[in-house]
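Read the structure below first, then the notes.
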Amino acid sequence: MDMQQRRMLVAGIVLAVVLGVGYFSTNVLQTFSIVCLAVAIVFGVIGSIQKKRQNKN
Numbered sequence: 001m002d003m004q005q006r007r008m009l010v011a012g013i014v015l016a017v018v019l020g021v022g023y024f025s026t027n028v029l030q031t032f033s034i035v036c037l038a039v040a041i042v043f044g045v046i047g048s049i050q051k052k053r054q055n056k057n
């Protein structure tokens, strides 16, 4: 649990940096930041689903 929280924290920091850079820079970086955000959301959903499955077992 602690490892997952740390991973989420690191992902959040990376996302914040990417979004910040993308916001103040070109459209290419903005698109890249949006893609990163989407990937992070997908991984978060997958992680929560896997956690629920482990709790059932």
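Numbering of the sequence shown is given in UniProt numbering, commencing with residue 1 and proceeding in unit increments.
We treat Cβ as the ideally placed atom computed from N, Cα and C, and that holds for glycine.
Note that this is a predicted model, so its numbers are computed, not measured.
Measure the CB-CB distance between residue i and residue j and report whether it falls below 9 Å.
i, j, result
"PHE43", "ALA16", "no"
"GLN4", "LYS51", "yes"
"VAL18", "SER33", "yes"
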